[in-house]
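Residue numbers (our numbering): 1235 to 1674. Glycine is no exception: its CB is placed at the ideal position from the N, C-alpha and C atoms.
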Ligand SMILES: Nc1nc2c(ncn2[C@@H]2O[C@H](COP(=O)(O)OP(=O)(O)OP(=O)(O)O)[C@@H](O)[C@H]2O)c(=O)[nH]1
Ligand SMILES: [Mg+2]
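1. Which runs of the beta strand (DSSP E) fall wholly inside the segment 1282-1361 and span at least 3 residues, in chain order?
2. For residue 1509 and residue 1532, which I take to be in contact (beta-carbon distance under 8 angstroms), what is that distance rounded to the nearest angstrom?
3. With burial defined as no fewer than 16 other Cβ atoms inside 10 Å of the residue's Cβ, what is the status of residue 1403: buried or exposed?
4. Closest by CA to residue 1564, which one among 1634, 1544, 1644, 1625?
5. Mind reading off the beta-carbon distance from residue 1375 to residue 1287? Whole number of angstroms is fine, and I expect it under 8 angstroms.
6. Could you give the residue range of the alpha helix (DSSP H) that holds residue 1653?
7. Mapping the DSSP letters down to three states, classify residue 1275 as helix, strand or coil.
8. Quick check for students: name the residue ranges of the beta strand (DSSP E) that lie wholly in the segment 1470-1520, counting only runs of 3 or more.
9. Beta-carbon within less than 7 angstroms of residue 1283's beta-carbon, same chain only, minus the 5 sequence neighbours each way: which residues are those?
10. Buried or exposed: where does residue 1615 fall if 16 or more other Cβ atoms within 10 Å of its Cβ makes it buried?
11. What's the call for residue 1338, buried or exposed, on a 16-neighbour Cβ count within 10 Å?
12. Buried or exposed for residue 1346, going by 16 or more other Cβ atoms inside 10 Å?
13. Does residue 1529 pass the burial test, meaning 16 or more other C-beta atoms within 10 Å, or should it be called exposed?
14. Have a look at 1333, 1535, 1431, 1620 and flag the residue whose alpha-carbon is nearest the alpha-carbon of residue 1373.
15. Measuring only the C-alpha atoms, how far is residue 1673 from residue 1429?
16. Could you tell me if residue 1324 is buried or exposed, where buried requires 16 or more neighbouring beta carbons within 10 angstroms of its beta carbon?
17. Check residue 1268 in the structure and name its three-state DSSP category.
18. Assess, as a yes-or-no matter, whether the segment 1594-1609 is touched by the segment 1531-1545 under the definition of 3 or more beta carbon pairs within less than 8 angstroms.
19. Comparing the C-beta of residue 1637 with each C-beta of chain C, is any distance below 8 angstroms?
20. By Cβ distance below 8 angstroms, which residues in the same chain neighbour residue 1321 in space, the five residues on each side in sequence not counted?
21. In this structure, does DSSP put residue 1605 in helix, strand or coil?
22. In whole angstroms, what is the alpha-carbon distance linking residue 1330 and residue 1248?
23. Which whole-angstrom value is the C-beta distance of residue 1203 and residue 1457, which I expect to be below 8 angstroms?
24. At the level of alpha carbons, what is the spacing between residue 1556 and residue 1619?
25. How long is the line joining the alpha carbons of residue 1535 and residue 1514, rounded to whole angstroms?
26. Counting only the same chain and skipping the five closest in sequence on each side, list residues whose C-beta sits under 7 angstroms from that of residue 1601.
27. Would you list, in sequence order, the uninterrupted beta strand (DSSP E) runs of no fewer than 3 residues that lie entirely inside the segment 1364-1429?
28. From what residue to what residue does the beta strand (DSSP E) around residue 1569 run?
29. For ligand 2, is there any heavy atom lying closer than 7 angstroms to the beta carbon of residue 1547?
30. Any chance the CB of residue 1590 is under 7 angstroms from a heavy atom of ligand 2?
31. Any idea what DSSP makes of residue 1585, helix, strand or coil?
32. I want to check one thing, is the minimum distance from the CB of residue 1274 to the heavy atoms of ligand 2 below 7 angstroms?
33. Report, in whole angstroms, the separation of the C-beta atoms of residue 1351 and residue 1387, which I expect to be a contact under 8 angstroms.
34. What's the gap between the Cα of residue 1340 and the Cα of residue 1311?
35. For residue 1638, tell me which candidate among 1612, 1663, 1622 has the shortest Cα-Cα distance.
So this is what it looks like as structure tokens:
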């Protein structure tokens, strides 16, 4: 499954402003239910599409953020989460609705939140067939109403906007044009393995345990293979039997190690292999089996470097922060995908076991799937350990990192944490290929 970098467009506004109407106009189908009942959209509705002249996009239609009560605050939390992870926030404003309500405070809070999270913002004034007539009855004009709404917004003259009747198909063109103008400038994602050169082979070490799904390889493994083949780099695939490799029977363990060593030597000695890229959970074996002169790193470090836009340093600092963990400190283990968890699952079994052994008395919580604590809840943690994030978008991963930064919580990932357990030299070793690149 290729990783498609989609532009994420979020649709926000007060109840009944016409958000779902906009969703359906953009996707050109009845994606979201449109109804005059206030609060029709509850959960965030997501649709993927190709927008001509823009490319692949994901559109998020959210609930109105101004609903009261318990359900209202649950809907609001979902909408704010969508705001954090979109690239561009479209704020749908019905100027009649705002003027009649007497205050543009809902629009103001969305504008402020977009600014606080550094999201690009554009305004869509939804002008209905009867908007002008209703305003005229109150002695106001459309221009008055629009100006009234704009006063509430940060940088109000600079925010791009359109006025359109969203129930009219003819509004599609100006809408796409607005998105084109307002979308943030693209920064190219960093290369997957930027230090690789078209010379020696790269060995991908894929041990496959009982959790490995059959019928396919994992996404990071496929991505690495594709990247290396494009680079004309020879790729060696190798599977260790972890049970044998870790066996207390020295002869069995030695035999498994020597099987790996003969594989490496088949490439013509250490000069023939420019990197061993391993599943992080096998770092305990690889750190000894891979000769020191061959660079060694892990799939999950590769993934987090790309997902974090090259800011691997942040995660290295998070790993260093694990040195300061003491009894009673809380650690959050976060995993972005949902899978059924087997006995030796990395997030629920391996890392907690090693962490408790390394720091007796440490407390561990988990966050799985799409849910992620807000900065207030996060501030109780001393460190967060995140998975490679291969199943969530770059934007969603970045939103999590921002939440952690806001809460002042150092963050690291599975690969770095598993290397940290093996000691400072091993941690430095798996980071070295990435550091070299920055110096050179
Ligand atoms: N005439 C006209 N009606 C519109 C327009 N936009 C929305 N409506 C109507 O306004 C009502 C609410 O529209 P929705 O698109 O469901 O609004 P929403 O913002 O998604 O509402 P919630 O999900 O309840 O927050 C529906 O009855 C729509 O038919 C428009 O541009 N022109
Ligand atoms: Mg709706």
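Quick answer:
1. List check, beta strand (DSSP E) in window: 1289-1295, 1322-1327, 1354-1360.
2. For the purposes of this step, residue 1509 is taken as the residue at position 275 of the chain shown. For the purposes of this step, residue 1532 is taken as the residue at position 298 of the chain shown. With a Cβ gap of about 11 angstroms, residue 1509 and residue 1532 do not count as contacting.
3. Taking the first residue of the chain shown as position 1, residue 1403 is located at position 169. When all chains shown are included, residue 1403 counts as exposed.
4. For the purposes of this step, residue 1564 is taken as the residue at position 330 of the chain shown. Minimum Cα-Cα distance from residue 1564 among the listed residues 1634, 1544, 1644, 1625 corresponds to 1644.
5. As a working mapping, residue 1375 is identified with position 141 in the chain shown. As a working mapping, residue 1287 is identified with position 53 in the chain shown. Contact check for residue 1375 and residue 1287: beta-carbon distance about 34 angstroms, past the 8 angstroms limit, so the pair fails to qualify.
6. Indexing the chain shown from 1 puts residue 1653 at position 419. Residue 1653: member of the alpha helix (DSSP H) spanning 1648-1655, first to last residue.
7. Looking up residue 1275 in the chain shown gives position 41. Coil, per DSSP.
8. Counting only runs of 3 or more, we get 1507-1512.
9. On the chain shown, residue 1283 is found 49 positions in, with the first residue counted as 1. The beta carbon of residue 1283 sits closer than 7 angstroms to those of 1261, 1291, 1293, all from its chain and outside the five residues before and after it, given in chain order.
10. Taking the chain shown and counting its residues from 1, one reaches residue 1615 at position 381. Residue 1615 comes out buried.
11. Taking the first residue of the chain shown as 1, we reach residue 1338 at position 104. Counting Cβ neighbours within 10 Å, residue 1338 comes out buried, since at least 16 surround it.
12. In the chain shown, residue 1346 corresponds to position 112, counting from 1. Burial check for residue 1346: the Cβ neighbour count within 10 Å stays below 16, so the residue is exposed.
13. For this step, residue 1529 is matched to residue 295 along the chain shown. Within 10 angstroms of the beta-carbon of residue 1529 lie 16 or more other beta-carbons, which makes it buried.
14. Counted from its first residue, the chain shown places residue 1373 at position 139. Comparing Cα-Cα distances from residue 1373 to each of 1333, 1535, 1431, 1620, the minimum goes to 1333.
15. Walking along the chain shown from the start, residue 1673 turns up at place 439. Walking along the chain shown from the start, residue 1429 turns up at place 195. Per-residue confidence for residue 1673 stands at a pLDDT of 45, beneath the threshold of 50, marking its modelled position as unreliable; no derived number is given.
16. The count along the chain shown starts at 1 and reaches residue 1324 at position 90. By the neighbour-count rule (16 or more Cβ atoms within 10 Å), residue 1324 is buried.
17. Indexing the chain shown from 1 puts residue 1268 at position 34. DSSP places residue 1268 in coil when its eight states are reduced to three.
18. Output reads no: the segment 1594-1609 does not touch the segment 1531-1545.
19. The structure shown contains no chain C; it is built from a single protein chain.
20. In the chain shown, the residue the question calls residue 1321 occupies position 87. Hits under 8 angstroms: 1241, 1242, 1243, 1353, 1354, 1417, 1418, 1629.
21. Numbered from its first residue, the chain shown carries residue 1605 at position 371. Annotated three-state conformation of residue 1605 is coil, per DSSP.
22. As a first step, residue 1330 must be located in the chain shown, where it is residue number 96. As a first step, residue 1248 must be located in the chain shown, where it is residue number 14. Residue 1330 and residue 1248: Cα-Cα distance of roughly 12 angstroms.
23. Outside the shown range of the chain (1235 to 1674) lies residue 1203, about which nothing can therefore be said.
24. On the chain shown, position 322 is the one that residue 1556 refers to. On the chain shown, position 385 is the one that residue 1619 refers to. Cα to Cα, the separation comes out at about 10 angstroms.
25. Position 301 of the chain shown, counted from the start, is the residue given in the question as residue 1535. Position 280 of the chain shown, counted from the start, is the residue given in the question as residue 1514. Looking at the backbone, the Cα of residue 1535 and that of residue 1514 are separated by about 8 angstroms.
26. For the purposes of this step, residue 1601 is taken as the residue at position 367 of the chain shown. Cβ contact annotation for residue 1601 (same chain, cutoff 7 angstroms, sequence separation greater than five): 1566, 1568, 1607, in chain order.
27. 1395-1398, all fully within the segment 1364-1429.
28. Position 335 of the chain shown, counted from the first residue, corresponds to residue 1569. Residues 1564-1569.
29. As a first step, residue 1547 is located in the chain shown; it is residue number 313 there, counting from the start. Not so, every heavy atom of ligand 2 lies at least 7 angstroms from the Cβ.
30. To locate residue 1590, count along the chain shown from 1; it is residue 356. Residue 1590: no, Cβ never under 7 angstroms from ligand 2.
31. Locating residue 1585 in the chain shown gives position 351, counting from the first residue. If DSSP states are grouped into helix, strand and coil, residue 1585 belongs with the helices.
32. Taking the first residue of the chain shown as 1, we reach residue 1274 at position 40. Checking every heavy atom of ligand 2 against the Cβ of residue 1274, one is found closer than 7 angstroms.
33. Sequence index remark: in the chain shown, residue 1351 carries index 117 (1-based). Sequence index remark: in the chain shown, residue 1387 carries index 153 (1-based). In fact, because the Cβ distance is near 15 angstroms, the residues do not count as touching under 8 angstroms.
34. On the chain shown, position 106 is the one that residue 1340 refers to. On the chain shown, position 77 is the one that residue 1311 refers to. Distance between the alpha carbons of residue 1340 and residue 1311 is about 15 angstroms.
35. For the purposes of this step, residue 1638 is identified with residue 404 of the chain shown, where counting begins at 1. By alpha-carbon distance to residue 1638, the top candidate from 1612, 1663, 1622 is 1612.
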